[in-house]
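Asks: Chain order of the listed sequences is Y and G. Okay, so the first sequence: first residue is 1 according to the working numbering, each after it adds one. Okay, so the second sequence: first residue is 1001 according to the working numbering, each after it adds one.
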Amino acid sequence: MVPKRGEKWYLVSFRKVQLMAFTVIAPEMLIGSAIGEYWLARASVRKDPKVTSEWTTTHGFFALMEGFVVESGDHFYRVNDEGILLLKMDRCRLLNVTEGDIKDRSKADILVKATAFLQALWLLIQCCARAQQNLPITPLELATVGFVGCSLVTYTAWISYVSEAYARVWFAHFSV
Amino acid sequence: MSPRLMREYGLLTFPCSKPQQVNKTITILQNENNDSLDVQSKVNEGWMIESDWPITNDYRDSIVKAFEQDGRLSMVHYFAGHHGYSMKFSMAAGLLFGSIHIAAWNFAFPSKAETILWRVAAVASTAMPATILLLLLLPDIAGSRFRNNLYNVRNKLFGRNPGRTVTDGGRAVGMIEYIIAVYGTMRFYLLVAIFITFRSQPANVYATVDWSKYIPHFG
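Put into structure tokens, the structure is as follows:
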């Protein structure tokens, strides 16, 4: 979730710690949240192709994270894709945000995650081999396999396909 | 260039769709006029469309209130039934995650009591999501004779009945809160048990797999 404007750093950190604790205690509950987010993000692409000239799943995710803001007077409102569509129908002139603009704010550390993935794969192979050679497995190893499985599904939902809207622009450009 | 190839190429260029660790919002509209109420109602309306569950007046009010107080919704709205599918997936995942812990049924625990505690916690943390998953799925597939009864049970569980649905900040209050508390305790015990089990383990645990020392690895 995107922090509030001027939100104190310790409140932001506290929320991150909260989420971390949640992930440690119940990582499987985040799966549903991630899949739900993915679904809503994809549905938003299929639903409103005319929101902006380019509306991708990244836009959908960003709207769900409450990243789009409408300023009115001295109020800030987080707006989602439906709200944007309603404002558009009301002939409001909205800022055109490209996928690059959003990605620019994203701090995805793919290298770190790829390393973690390789380590997890190694753990999984080890566990299988141990079971095969009749060596005991500790609860820690077993639970880690579970944790890894959960985060794998969560990240797969987040790392989704390029949206159809984006592809459509390309087809018009290339396929003739 | 074929569409499929282009799609794959696109996958390579944009590997991650969900923005991570974003710290700043993007302002897409600055409205200097005084019709702020109109903008506000459009924004609120937008958040209310996005649901596959029946939206009660309480839920509507809570969204409006959350926007007035905090200027945003809390993350909890995914778990408050805002998106019904996500709940089902979470429960199915909980079922699988719990069964992994049940797989440790016959592992060597330091004491008899710890063995029993592990088994109880593992079974309970599997049974709870399993029950909720059943409650979520059954009303849709059950015959019309039972459907209303099942809906009533479900509503009681998630606090969908008017007056108890949602209190402030978009949080659902119902029996589910107690279930979450028990579930969290079970999960927490399993987590603690994982580490205290290490104080006494069979020597074989420290033996490495035959071939793994020949492969360079870290971790």
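The C-beta atom is built at its ideal place from N, Cα and C for all residues, glycine as well.
What three-state label does DSSP hand Y:Ser106 in the structure shown?
Replies: It is coil, neither helix nor strand.
Asks: Determine the direct distance from the alpha carbon of Y:Asn134 to that of Y:Arg105, and round the result to whole angstroms.
Replies: Using only the alpha carbons, I get a separation of about 49 angstroms.
Asks: Taking Cβ-Cβ distances shorter than 8 angstroms, what residues in chain Y pair up with G:Asn1031?
Replies: Simply Val70, Glu71, Ser72, Gly73 and Cys92.
Asks: Any Cβ of chain G within less than 9 angstroms of the Cβ of Y:Lys107?
Replies: Chain G, which has a Cβ nearer than 9 angstroms to the Cβ of Y:Lys107, makes this yes.
Asks: Just to confirm my understanding: we take G:Ala1124, look at its own chain, exclude 5 residues before and 5 after, and list those with CB closer than 6 angstroms. What are they?
Replies: Taken in chain order, the residues that qualify are Met1186.
Asks: According to DSSP, what are the bridge partners of G:Gln1030?
Replies: Looking at the DSSP assignment, G:Gln1030 forms a beta bridge with Y:Glu71.
Asks: Which residues share a DSSP beta bridge with Y:Phe76?
Replies: In DSSP, Y:Phe76 forms a bridge with Y:Glu71.
Asks: Residues of chain G with CB under 7 angstroms from Y:Phe62, in chain order?
Replies: Within chain G, the residues near Y:Phe62 are Pro1019.
Asks: Given that G:Lys1065 touches chain Y, what residues does it touch there, using C-beta distances under 7 angstroms?
Replies: None at all; the shortest Cβ gap to chain Y is about 14 angstroms.
Asks: Jot down the residue ranges of each uninterrupted alpha helix (DSSP H) in the region 1177-1216 of chain G, minimum 4 residues, whole runs only, in chain order.
Replies: DSSP runs (the alpha helix (DSSP H)) wholly in the region 1177-1216 of chain G: none.
Asks: Less than 9 angstroms between CB atoms is the rule here; does Y:Trp158 satisfy it with respect to chain G?
Replies: Interface residue, yes.
Asks: Is the CB-CB distance between Y:Cys127 and Y:Ile137 below 9 angstroms?
Replies: Closer than 9 angstroms, so yes.
Asks: Taking 9 angstroms as the threshold (beta carbon to beta carbon), is G:Ser1086 in contact with chain C?
Replies: Among the protein chains in the structure shown, which are Y and G, there is no chain C.
Asks: Do Y:Ala41 and Y:Phe61 have their C-beta atoms closer together than 9 angstroms?
Replies: Cβ distance < 9 angstroms, so Y:Ala41 and Y:Phe61 count as in contact.
Asks: Examine chain G for any beta-carbon lying closer than 9 angstroms to the beta-carbon of Y:Lys8, and answer yes or no.
Replies: It does not; no Cβ of chain G falls within 9 angstroms.
Asks: Closer than 9 angstroms by beta-carbon distance: list the chain Y residues that pair up with G:Asn1116, in chain order.
Replies: Note on identity: in this sequence residue 1116 of chain G is Ile, with Asn being the wrong assignment. By Cβ distance, chain Y contributes nothing, its closest Cβ being about 15 angstroms from G:Ile1116, past 9 angstroms.
Asks: Count the other C-beta atoms from every protein chain shown that fall within 10 angstroms of the C-beta of Y:Thr115, then say buried if there are 16 or more, exposed otherwise.
Replies: By the neighbour-count rule (16 or more Cβ atoms within 10 Å), Y:Thr115 is not buried but exposed.
Asks: Chain G partners of Y:Met20, CB-CB under 9 angstroms?
Replies: Neighbours of Y:Met20 on chain G: none; closest Cβ ~13 angstroms, over 9 angstroms.
Asks: Which residue from G:Ala1103, G:Lys1065, G:Leu1138 and G:Gly1143 puts its Cα closest to that of G:Thr1126?
Replies: For the residues G:Ala1103, G:Lys1065, G:Leu1138 and G:Gly1143, the minimum Cα distance to G:Thr1126 belongs to G:Ala1103.
Asks: In whole angstroms, what is the alpha-carbon distance linking G:Tyr1183 and G:Met1128?
Replies: The alpha-carbon atoms of G:Tyr1183 and G:Met1128 are separated by roughly 7 angstroms.
Asks: Using a beta-carbon distance cut-off of less than 7 angstroms, what residues from the region 125-138 of chain Y approach chain G?
Replies: For the region 125-138 of chain Y, which is checked against every Cβ of chain G, the residues closer than 7 angstroms are Gln126, Ala129, Arg130, Gln133, Leu135, Pro136 and Thr138.
Asks: Give the DSSP-derived three-state secondary structure of Y:Pro136 in the structure shown.
Replies: Of the three classes helix, strand and coil, the one that applies to Y:Pro136 here is coil, per DSSP.
Asks: Check G:Phe1146 in the structure and name its three-state DSSP category.
Replies: In the structure shown, G:Phe1146 sits in a helix (DSSP, three-state: H, G or I).
Asks: Near Y:Val79, what residues of its chain come up, given a Cβ to Cβ distance below 6 angstroms and the 5 sequence neighbours on each side ignored?
Replies: So the qualifying residues of the chain are Phe68 and Val70.
Asks: Taking the continuous alpha helix (DSSP H) assigned at Y:Ile84, which residues delimit it?
Replies: First-last of the alpha helix (DSSP H) with Y:Ile84: Asp81 to Met89.
Asks: Chain Y beta carbons: is any one of them nearer than 9 angstroms to that of G:Lys1112?
Replies: No - not a single Cβ of chain Y is within 9 angstroms of the one on G:Lys1112.
Asks: For chain Y, find out if any of its Cβ atoms is closer than 9 angstroms to the Cβ of G:Tyr1183; answer yes or no.
Replies: It does: the Cβ of G:Tyr1183 has a partner Cβ on chain Y nearer than 9 angstroms.
Asks: Could you check whether the Cβ of Y:Phe178 sits closer than 9 angstroms to any Cβ belonging to chain G?
Replies: Because chain Y is modelled from 1 through 176, residue 178 of chain Y falls outside the range shown and cannot be assessed.
Asks: From which residue to which residue does the alpha helix (DSSP H) around G:Glu1114 run?
Replies: Here the alpha helix (DSSP H) through G:Glu1114 covers Lys1112 to Ile1141.
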